[in-house]
Each structure stands twice: as C-alpha cells, then as structure tokens.
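This report refers to the structure that appears directly beneath it.
Residue numbers (the numbering used here): 1 to 106.
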C-alpha cells in the first residue's frame, strides 16, 4: 500500500451499478496507521489513502454500496401493507393496546 491503494471493483459490480449515483465506501484498517480515507470512488474502482501523507503498508477491508441500475428513482422506504386477514409475526402492539384501553373505558 505504501500510503495509497487502488482497488479495481469486480465486473459483476460495475455491470449493475448506477453511474448516476456516487457509491458509498467504508474502509477499515487492519493494522496500525494514521487512519484511512477514500480519496476517489466510482463504480469501477476506489482509491484509498492514509492520512497525513502516511506511507504505512497496512491491509484494509472495504465495503462499497451503491444504487442498482434502473432503481435510481425508487423510494428507499416503502410502506408495509399487510393483506387483510394476514397477521404479523410480532402482532400489532399499538392496535392491541388501543383495544385494551377501549375495553377499560366501557
């Protein structure tokens, strides 16, 4: 590494990654260094550097996430709509509490 590293991302990632949204990259040093940061990121490669122009040869882990092609305009959070007659695993605590309160008030 000597303070800098370029990681070429696999072709299967670049084929499905949107080029309209910048990827998010997390890096974690696997040894002693001044700290790491992502200098550049794209759907084909990332560039990682050590802080303060460090020149340590430290291994690191990385995680790259981005939006899939064709899903750029999809909402991140979607409402969960239970079908009628279908119960949830955890139940509906708020509904159950309201029913108990109504029974007390009678």
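The beta carbon of each residue, even a glycine, is placed where N, CA and C say it ideally should be.
Following the DSSP letters along the chain, one finds residue 96 inside the alpha helix (DSSP H) bounded by residues 93-105. Comparing alpha carbon positions, the residue from 102, 14, 18 and 29 closest to residue 51 is 29.
Distance from the CA of residue 104 to the CA of residue 96, rounded to the nearest whole angstrom, comes to 13 Å. In this structure, residue 44 places its C-beta atom within 7 Å of the C-beta atom of residue 9. Just measuring C-alpha positions, the residue of 36, 39, 18 and 46 sitting nearest residue 74 is 18. Taking a contact as a CB-CB distance under 8 Å, the pair residue 23 and residue 49 does not count as one, their CB atoms being some 17 Å apart. Counting only runs of at least 4 residues, the region 10-91 fully encloses the following alpha helix (DSSP H) elements, listed from N- to C-terminal order: 11-16. Taking 7 Å as the cut-off, the Cβ atoms of residue 16 and residue 68 count as close. A check of alpha carbon separations from residue 3 across 93, 21, 32 and 77 identifies 32 as the nearest.
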